[in-house]
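Asker:
In our numbering, the protein residues as written are 26 to 127.
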């Protein structure tokens with residue numbers, strides 16, 4: 026095999042090796058970029074977790090407040106029913122007095 030063919034063959038091999046190296050470097054850069062994106066996603070996820078935990082705490086406080094309002098409303102309903110009973114008794118007393126006058 027003449028030396029010039031051997032040189033050409035080596036030059037082709039060097040060129041192919043350089044292409045392979047470049048492809049490998051590009052792949053490495055892509056993998057690093059992917060890792061950076063994953064890290065950003067993790068940070069976003071952590072921030073969202075904190076936000077959701079705060080919303081859950083607010084929701085729990087709101088639930089407690091609403092339950093207290095329900096309890097207060099039940100007491101108000103009971104008081105209103107007692108007022109109705111008292112008004113009926115008073116009305117009957119007035120009717121009785123009116124009937125006695127007739």
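For every residue, glycine included, the Cβ atom is placed at its ideal position computed from N, Cα and C.
1. Would DSSP call residue 127 helix, strand or coil?
2. If we ignore side chains and look at the alpha-carbon of each, how far apart do residue 118 and residue 109 end up?
3. Roughly how many whole angstroms lie between the Cα atoms of residue 86 and residue 48?
4. Do you know how far the Cα of residue 121 is from the Cα of residue 102?
Answerer: So, from the data block:
1. coil
2. 14 Å
3. 57 Å
4. C-alpha separation (whole angstroms): 28 Å.
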